[in-house]
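Written out below as structure tokens is the structure these notes cover.
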Amino acid sequence: MFIIFILFWAAGIYLLFRSRNEEEEHLILKLIGYYLLGTFTFSINGMVLPVGFIISLFLKPRQNRSVKRGSAIFGLAIMVISLFL
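Heads up, the sequence shown is in UniProt numbering, so the first residue is 1 and it goes up one at a time.
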């Protein structure tokens, strides 16, 4: 199960990397950072708040904006899936 998750995660990041609009240094590391930001949550009395995703909405990247936003959404989707598993 863990290997399947890692392969799914790597494929998602790779597809986002391939859909970039312009060249950018260290884009793969930035996508991983946006993914981790999208998965960051804060729990209050059993209610899970996606704080990292909300923070990523306030960030205004100059290059590859849609790819970075997609990486944060991918992280949010993985976080929601992990809540139900």
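Here a beta-carbon is modelled for each residue, glycine too, at the ideal position from N, C-alpha and C.
Predicted model, so just to flag it, every value in this text is computed and none were measured.
The criterion of a C-beta distance shorter than 8 Å is satisfied by residue 75 and residue 39. Here the stretch 26-38 makes contact with the stretch 62-74; the two share three or more CB pairs at distances below 8 Å. Here the C-alpha atom of residue 26 lies approximately 17 Å from the C-alpha atom of residue 60.
Given a length threshold of 3 residues, each whole run of the beta strand (DSSP E) inside the stretch 21-83 is given here in chain order: 42-44, 47-49. Residue 31 sits away from residue 44, with the two beta carbons spaced by 8 Å or more.
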